[in-house]
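A quick write-up on the structure given underneath.
There are 2 protein chains.
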Amino acid sequence: MSVIDISLLEQIRSLLEKQEPPAALLELTGDLQPYDLSNLLTNLDTAEQFLLLTALPPERSAETLGHFEPVEQYRFLDHLEQGVTAAILNQMSSDTVVELFSALHPLQTEQLIALLHEPFRRQIRDQMSYPENSAGSLATVGYIAARRWWTADQTLAHLRKVGSTTEFYSYIYILDHLGELVGVLSLRQLILADPATRLEEIMLQKLITVPADLDQEQAAQMVAQYDLTALPVISREGKMVGVLTVDDIIDVIEEEATEDIHLLGGSEPVETPYFKTSLGTFFRKRIVWLLVLFVAEAFTGNILRHYEVLLTQVVALSFFIPLLVDTAGNAGTQTATLVIRAMSVGEIRGGDFLKVVWREMKVGLTLALPMAAVTFLRAMMLGSPTNLGLTVAATILVIIAVSSTLGAIMPIIGKRLGLDPAVFSSPLITTVADAVGLLIYFQFARLLMGL
Amino acid sequence: MSVIDISLLEQIRSLLEKQEPPAALLELTGDLQPYDLSNLLTNLDTAEQFLLLTALPPERSAETLGHFEPVEQYRFLDHLEQGVTAAILNQMSSDTVVELFSALHPLQTEQLIALLHEPFRRQIRDQMSYPENSAGSLATVGYIAARRWWTADQTLAHLRKVGSTTEFYSYIYILDHLGELVGVLSLRQLILADPATRLEEIMLQKLITVPADLDQEQAAQMVAQYDLTALPVISREGKMVGVLTVDDIIDVIEEEATEDIHLLGGSEPVETPYFKTSLGTFFRKRIVWLLVLFVAEAFTGNILRHYEVLLTQVVALSFFIPLLVDTAGNAGTQTATLVIRAMSVGEIRGGDFLKVVWREMKVGLTLALPMAAVTFLRAMMLGSPTNLGLTVAATILVIIAVSSTLGAIMPIIGKRLGLDPAVFSSPLITTVADAVGLLIYFQFARLLMGL
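Protein chains in written order, with the working numbering: chain P, 1 to 451; chain F, 1001 to 1451.
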């Protein structure tokens, strides 16, 4: 599937070495996709990388760099000749530049901003005023704007004039003299229209727009739900900021899913790709939660010491401790995971909370019954006395129902408190289920075993 | 953000009730997006739903139904008049029809297939021959095909002729007489081109294509990596099957992330939205893994019974059991989650496995040291004798390193065995870590406490 092969790499290497005129290089790389060029660049050594980026037309180098992380983009841009850096930077898409600048030290950003031409520089400064990870900072400013009284033919002529430098092309946005969006037209509709038709006669006026300060996760859900290639982003003052395109949305959806998955697995989210993340970063992201969970879990020691007499009398009680606490943790984890994912993709909303808790309680109870029966059988198999078997089974019955319900309540309360529901990770739910499970266990032991 | 309001709903209700001529209804709904229409439909009662779907132009009804699950699509199509059903069905996009038919009973599918016109019926049958969740079954067949010798002007004229019925429009695909893809051209390039240019002079010939039998997850990664709006799908015989569009890809990426998250949370993946899933389905998806984990976890009972004498001698040993096994489980879960997610998004590939295990072992060891120190302190705080404190700390040291390594090895071996790595859920890793942790604990107890 990949169009990169070793022979191509070798050909490019030898061209770069011999300092051949760029024409041969363009011929060789002209048909490659930017993503393939980025893979190729990765396989060259440092000197060759700079030669290639200098030899390619700036717009090609810009697209290629778009596939790298900000840190690497900066490494390239900082080492190229200033003229080349400026040419490439001015060809990069606005959302890529904003992401790069947000990741750099302010002094580095200032150096690079100085290389931008107006009005691109002003657009970038405007976009950087939106919070990171908002729709405004993700938007692409390179879209086609038109006026309502233009005819289809006039608009096509305008496209041919500005077209080669505009990045986003599937829709034409009709703005009034204040820069407010009044209509939208797809390129398809434009082509199908009679050449003399005015845009206002055919444009769509009921618009789906994204507020610029909306969080990227919710903006991504909007694009995904409407099945559109792009949505216009509008500032609080009603002005068109740019377009949120579907390729940016895909990255957001993957990032947000990764964030949820890491949190659910009990570590802080790691934002960089696996092999580009240092071991030190992994250590920091993991040790925090390990310690938090350790402190929470340490209370189980107090609970057990509190029941030391019971444990000394019936040492067999301890045989079931890992089984009980883990089964409770598993049931709680299942609920929390299902509920948290449904919240992330917008299937569960604010008003649904009571309904969700009630549903999960019912499912929890239904799961608890067969599990209690299995637990009783297991206790008998281990040769335990009947009252111990009943104690263990009764504990499973109650604790599965309780932890399933807790698995729904905890993320919901977390969301109300403004936390990411995904912090209610399986390790955290397991920890809570452990403490609750042990308390229930020893109460049943007292009750049913006469201790 | 939503353009649906109660007054609109009431207006539509009263129009439907009075059986007004459809013109008024079209006027009222003309500007709505299909997604908004689908929300509106959900808020009507059954009789009104059928009236609205009948009154709307078939292509609007088809787009609206595209936002429903197959079960609901069938409920609508089965109850509408046959002529209306046929008209709507023939306007639905091919991937939606394929998904619907794959979800139905074969007899229901046959009834609906009979309503399709040729050549759509043949295309649908062709597409259904690809495995479910493959690129071929997801592809849209409604794309624009052209010939290499057509001029730009001719092609635009062709677009105007076929355009209104074609679904996908951003690229023009140039096929030879055997139906093999020889080039591609964006609509943008077509508009910018001189009217007399032949397509073969401007088309891109080095093509990124997706094999029709490729799994949807890998196909989605390709589209995401290349940042393209669509990729052509090619059959094993080299023929063009259709195009994989970015809106289908978004759904795939969300679905695959949901599947991973559910598995990682220790339940079978639930494919339907939360509130559209019956409690019975949740029960079935969850009970399987609860039982599997219960059986695996039950061995801890045997391990503990094996060390009954030790536990009777030093009942304080049992105080640390939940803390030890859970901390081990947490470390293992962290590693497994980070590794599994990196595998899912293609950051870790087949050849990287040894490198990954080695990295995770190093991180595990680094985490183990501070955690062991904290554990020793905790044991002292509980008033344990020093040798018990050392036993617990030594166990934490070894078990965090071991379970971190296991958290990397298990999903990797699973992948080699052809399993979804995400089945190595946090509950499963926790269970394995429990058994290993207890064995290490009692060995250290014997060694350090002279038991």
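Where a beta carbon is used, it is the ideal one built from N, C-alpha and C, also for glycine.
What you are looking at is a predicted structure, and each value in this text was computed from that prediction instead of being measured.
Does the contact criterion of 3 or more C-beta pairs under 8 Å hold for the region 225–236 of chain P versus the region 350–364 of chain P?
no
Contained alpha helix (DSSP H) runs [length at least 4] in the region 1169–1205 of chain F, N- to C-terminal order:
You should have 1187–1192 and 1199–1202.
To the nearest angstrom, how far is it from the Cα of P/G346 to the Cα of F/D1215?
As a working mapping, residue 346 of chain P is identified with position 346 in the first sequence. As a working mapping, residue 1215 of chain F is identified with position 215 in the second sequence. Computed Cα separation, rounded: 26 Å.
What are the residues in the region 358–386 of chain P lying within 8 Å of chain F by C-beta distance?
Those would be R359, K362, V363, T366, L367, P370, M371, V374, T375, R378 and L382, in chain order.
Residues bridged to F/S1134 [DSSP beta-bridge criterion]:
Sequence index remark: in the second sequence, residue 1134 of chain F carries index 134 (1-based). Bridge partners of F/S1134: F/D1215.
Extent of the continuous beta strand (DSSP E) to which P/A394 belongs:
As a working mapping, residue 394 of chain P is identified with position 394 in the first sequence. That residue, P/A394, is in no beta strand (DSSP E); its alpha helix (DSSP H) goes T386 to R416.
Continuous beta strand (DSSP E) stretch holding F/P1232: start and end:
What you label residue 1232 of chain F is simply residue 232 of the second sequence in a count that begins at 1. Taken as a continuous stretch (DSSP letters only), the beta strand (DSSP E) holding F/P1232 covers A1230 to I1234.
With a threshold of 8 Å between beta-carbons, can F/H1262 be considered close to chain P, or not?
Translated into the one-based positions of the second sequence, residue 1262 of chain F becomes position 262. Chain P contact via Cβ: present.
By Cβ distance below 7 Å, which residues in the same chain neighbour P/R286 in space, the five residues on each side in sequence not counted?
If you number the first sequence from 1, residue 286 of chain P lands on position 286. Cβ within range, chain order: S267.
Whose C-alpha, out of F/T1197, F/N1133, F/T1054 and F/Y1441, is nearest the C-alpha of F/Y1307?
For this step, residue 1307 of chain F is matched to residue 307 along the second sequence. Here the closest residue by C-alpha is F/Y1441.
Using a Cβ-Cβ cutoff of less than 8 Å, which residues in the same chain neighbour P/K362 once the five nearest sequence positions on both sides are dropped?
Within the first sequence, the letter at position 362 stands for residue 362 of chain P. So no residue of the chain qualifies.
Could you please tell me which residues of the region 1198–1211 of chain F, in chain order, have their CB closer than 7 Å to any CB of chain P?
Under the 7 Å Cβ criterion, the region 1198–1211 of chain F contributes L1204, Q1205, K1206 and I1208.
Whose C-beta lies closer than 8 Å to the C-beta of P/M1 among residues of the same chain, with five residues either side of it excluded?
Working through the first sequence from its first residue, we reach residue 1 of chain P at position 1. Low per-residue confidence applies at P/M1: pLDDT is 35, beneath 50, and the placement is therefore not dependable, though the value from the model is reported in the following sentence. For P/M1, where only same-chain residues beyond five positions count, there are no Cβ hits under 8 Å.
Identify the contact partners of F/A1257 in chain P, using a Cβ-Cβ distance below 7 Å as the criterion.
Here the question's residue 1257 of chain F lines up with position 257 in the second sequence. A257, listed in chain order.
Nearest to P/L323 (by Cα), restricted to the options F/E1072, F/Y1143 and F/T1431:
Counting from 1 along the first sequence, the entry for residue 323 of chain P is found at position 323. Looking at the Cα atoms, F/T1431 is the closest of the given residues.
Chain F beta carbons: is any one of them nearer than 8 Å to that of P/S318?
As a working note, residue 318 of chain P is residue 318 in the first sequence. Closer than 8 Å: yes.
For P/A157, does the three-state DSSP call read helix, strand or coil?
For the purposes of this step, residue 157 of chain P is taken as residue 157 along the first sequence, with counting starting at 1. Judged by DSSP in its simplified three-state form, P/A157 adopts helix.
Tell whether a beta-carbon distance below 8 Å holds between F/L1089 and F/V1097.
As a position in the second sequence, residue 1089 of chain F is number 89, starting the count at 1. As a position in the second sequence, residue 1097 of chain F is number 97, starting the count at 1. For F/L1089 and F/V1097, yes; Cβs fall inside 8 Å.
Residues in the same chain with beta-carbon distance under 6 Å from P/T109, minus the five sequence neighbours each way, listed in chain order, please.
The count along the first sequence starts at 1 and reaches residue 109 of chain P at position 109. So the list reads F101, once near-sequence residues are dropped.
Terminal residues of the alpha helix (DSSP H) in which F/V1246 lies
As a first step, residue 1246 of chain F is located in the second sequence; it is residue number 246 there, counting from the start. Looking at the DSSP string, the run of the alpha helix (DSSP H) that includes F/V1246 is V1246 to L1264.
May I ask you to verify whether the region 1008–1018 of chain F touches the region 415–428 of chain P, counting CB pairs closer than 8 Å and requiring at least 3?
no
Taking Cβ positions only, does P/Q33 come closer than 8 Å to chain F?
Here residue 33 of chain P refers to the residue found at position 33 of the first sequence. It does; some Cβ of chain F falls within 8 Å.
Residue burial classification, P/G242 (beta-carbon count within 10 angstroms, cutoff 16):
Mapped onto the first sequence, residue 242 of chain P falls at position 242. Classification for P/G242: buried.
Is F/I1409 close to chain P? Criterion is C-beta to C-beta, closer than 8 Å.
On the second sequence, residue 1409 of chain F is found 409 positions in, with the first residue counted as 1. It does not; no Cβ of chain P falls within 8 Å.
With a Cβ-Cβ cutoff of 8 Å, do P/I191 and F/L1199 count as a contact?
Mapped onto the first sequence, residue 191 of chain P falls at position 191. Mapped onto the second sequence, residue 1199 of chain F falls at position 199. Taking 8 Å as the Cβ cut-off, P/I191 and F/L1199 do not qualify as a contacting pair.
Would DSSP call F/K1355 helix, strand or coil?
Taking the second sequence and counting its residues from 1, one reaches residue 1355 of chain F at position 355. Helix, per DSSP.
Between the beta-carbon of P/T366 and the beta-carbon of F/F1320, is there less than 8 Å?
As a first step, residue 366 of chain P must be located in the first sequence, where it is residue number 366. As a first step, residue 1320 of chain F must be located in the second sequence, where it is residue number 320. No, they are not a contact pair.
Starting from the beta carbon of F/Y1226, find every residue of chain P whose beta carbon is closer than 7 Å, and list them in chain order.
On the second sequence, residue 1226 of chain F is found 226 positions in, with the first residue counted as 1. Under the 7 Å cutoff, chain P gives Q33 and Y35.
Out of F/T1375, F/L1428 and F/G1280, state which residue places its alpha-carbon closest to the alpha-carbon of F/T1335.
The residue labelled residue 1335 of chain F in the question sits at position 335 within the second sequence. Among F/T1375, F/L1428 and F/G1280, the Cα nearest to that of F/T1335 is on F/L1428.
Whether F/K1239 touches F/G1183 by CB criterion (8 Å):
The sequence position of residue 1239 of chain F within the second sequence is 239, counting from 1. The sequence position of residue 1183 of chain F within the second sequence is 183, counting from 1. No, the Cβ-Cβ distance between F/K1239 and F/G1183 is not below 8 Å.
Taking F/E1347 as the query, report the chain P residues whose CB atoms sit under 9 Å from its CB, ordered along the chain.
Within the second sequence, the letter at position 347 stands for residue 1347 of chain F. Within chain P, the residues near F/E1347 are P273, Y274, F275 and K276.
From the DSSP output, read off the bridge partner residues of F/M1361.
In the second sequence, residue 1361 of chain F corresponds to position 361, counting from 1. The partner list for F/M1361 (beta bridge, DSSP) is empty, contrary to what the question assumes.
For F/S1404, I'd like the list of residues in its chain whose CB is within less than 6 Å of its CB, leaving aside the five on either flank, ordered along the chain.
Residue mapping note: residue 1404 of chain F aligns to position 404 of the second sequence, counting from 1. Residues of the same chain with a CB within less than 6 Å of the CB of F/S1404, apart from the 5 flanking positions on each side, are A1331, T1335, E1360 and G1364 in chain order.
Output yes if chain F places a C-beta closer than 8 Å to the C-beta of P/L290; else output no.
For the purposes of this step, residue 290 of chain P is taken as residue 290 along the first sequence, with counting starting at 1. Yes, its Cβ sits closer than 8 Å to a Cβ of chain F.
With a Cβ-Cβ cutoff of 8 Å, do F/S1170 and F/L1185 count as a contact?
For this step, residue 1170 of chain F is matched to residue 170 along the second sequence. For this step, residue 1185 of chain F is matched to residue 185 along the second sequence. Against a cut-off of 8 Å, the Cβ pair of F/L1185 and F/S1170 comes out as no contact.
Close beta carbons around F/I1396, own chain, < 6 Å, minus the five adjacent residues each side
Working through the second sequence from its first residue, we reach residue 1396 of chain F at position 396. Correct list, in chain order: M1371, A1372 and T1375.
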